[in-house]
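Engineer: With the sequence shown counted from 1, adding 6 to any position gets you the working numbering.
Pasting a structure below so you can have a look.
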Amino acid sequence: MLSITHRSYTLGQDMSSIEELVLASRIGKTLERYPTIWRVRQLLASRVWEPEHDAHMWEDEAGRCIGFAYLWRRKRESTNVSMDFILHPHAFNTEIFAEMLAWACTRAQKLASQLNADISLSLATFADEDAYIQALHHYDFILLQDSYDLYMACPLDRGLPEPVLPTGFTLQLLSGKENLAAYQAAGFQGVERDLCYTKTFEPA
């Protein structure tokens, strides 16, 4: 069995290792399941307020980063904390994910005490990721909501064609509460379900 160690993320020194992990995590997976390097960079630079406490790395015997988890908040004083995580597909291990959850829960509890307020820790997974879901239930996370993300792509090496609506369709701005019910009822079909789990921590 591999010897796995973990440590705090070091700002300015570990980014290249994280980028390699992000790229490797896409092997055999659809793109929308994993963050882009741009998103990880953005969050680490603007939403991870204390990198030495809010970002953590897991490494194998060779010192290769095989797992990364970080907690981000829109504002430093925010009580809503989101956890993002990345695992290398060749080193997938539910024990590592459990360690990530334990680390995140410990940090969220400390934040609750520091801010003297309830902290909501949330993270997303997909409906077919049973191992993650079981671990989340084990740590008493509850399903907050399910939602759909729609991803589309288009080549940029040629001009964009003029959009043409199908016969019988018109285009209008979404405005007013009277449109919301129809918008929500439309939904999205054929895309993967994103499950959001959450757990609340009270000040010690």
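Backbone N, C-alpha and C fix where the C-beta goes; we use that ideal spot for every residue, glycine too.
Just to check my reading of the structure: residue 128 and residue 150 have Cβ atoms closer than 8 Å, yes? What is that Cβ distance to the nearest angstrom?
Structural biologist: The C-beta distance from residue 128 to residue 150 rounds to 7 Å, short enough to fall under 8 Å.
Engineer: Buried or exposed: residue 7, going by 16 or more other Cβ atoms within 10 Å of its Cβ?
Structural biologist: Because the pLDDT at residue 7 is just 49, under 50, the model does not fix this residue reliably, and the value given afterwards should be weighed accordingly. Taking a 10 Å sphere around the C-beta of residue 7, we find fewer than 16 other C-beta atoms and assign the residue as exposed.
Engineer: Does the count of Cβ pairs from the segment 46-64 and the segment 14-28 closer than 8 Å reach three?
Structural biologist: yes
Engineer: Considering Cα atoms alone, identify which of 19, 23, 25 and 209 is closest to residue 121.
Structural biologist: Comparing Cα-Cα distances from residue 121 to each of 19, 23, 25 and 209, the minimum goes to 209.
Engineer: With distances taken from CA atoms, which of 75, 18, 30 and 49 is nearest residue 81?
Structural biologist: 49
Engineer: In terms of DSSP beta bridges, what is residue 76 paired with?
Structural biologist: When beta bridges are read from the DSSP output, residue 76 appears opposite 61 and 90.
Engineer: Does DSSP put residue 205 in a helix, in a strand, or in coil?
Structural biologist: strand
Engineer: With DSSP run on the structure shown, which of helix, strand or coil describes residue 139?
Structural biologist: helix
Engineer: Beta-carbon within less than 7 Å of residue 110's beta-carbon, same chain only, minus the 5 sequence neighbours each way: which residues are those?
Structural biologist: 75, 77, 89 and 127
Engineer: What's the C-alpha gap between residue 56 and residue 184?
Structural biologist: So the alpha carbons of these two residues sit roughly 43 Å apart.
Engineer: Return the Cβ separation of residue 130 and residue 202 in integer angstroms, given the expectation that the two are a contact with Cβ distance under 8 Å.
Structural biologist: 5 Å
Engineer: Pick helix, strand or coil for residue 13, following the three-state DSSP scheme.
Structural biologist: strand
Engineer: Using a Cβ-Cβ cutoff of less than 6 Å, which residues in the same chain neighbour residue 106 once the five nearest sequence positions on both sides are dropped?
Structural biologist: 75 and 91
Engineer: Please name the residue in 53, 51, 29 and 52 whose C-alpha comes closest to that of residue 43.
Structural biologist: Checked all of 53, 51, 29 and 52; the closest Cα to residue 43 is 29.
Engineer: Return the bridge partner residues of residue 125 from the DSSP annotation.
Structural biologist: Residue 125 is bridged to 207.
Engineer: Nearest chain B C-beta to residue 145 closer than 9 Å, yes or no?
Structural biologist: Of the protein chains in this structure there is only one, and it is not chain B.
Engineer: Under the three-state reduction of DSSP, which class applies to residue 180: helix, strand or coil?
Structural biologist: coil
Engineer: Could you tell me if the beta carbon of residue 147 falls within a distance shorter than 8 Å of some heavy atom in the ligand SAM?
Structural biologist: With respect to the ligand SAM, the structure offers nothing, as it holds no ligand at all.
Engineer: What whole-angstrom Cβ distance do residue 71 and residue 26 have, given they're in contact under 8 Å?
Structural biologist: 7 Å
Engineer: For residue 207 versus residue 134, is the C-beta distance shorter than 9 Å?
Structural biologist: No; because the gap between Cβ atoms is not below 9 Å, this pair is not in contact.
Engineer: Could you work out which residue in 33, 41 and 46 is closest to residue 21 when comparing CA atoms only?
Structural biologist: 46
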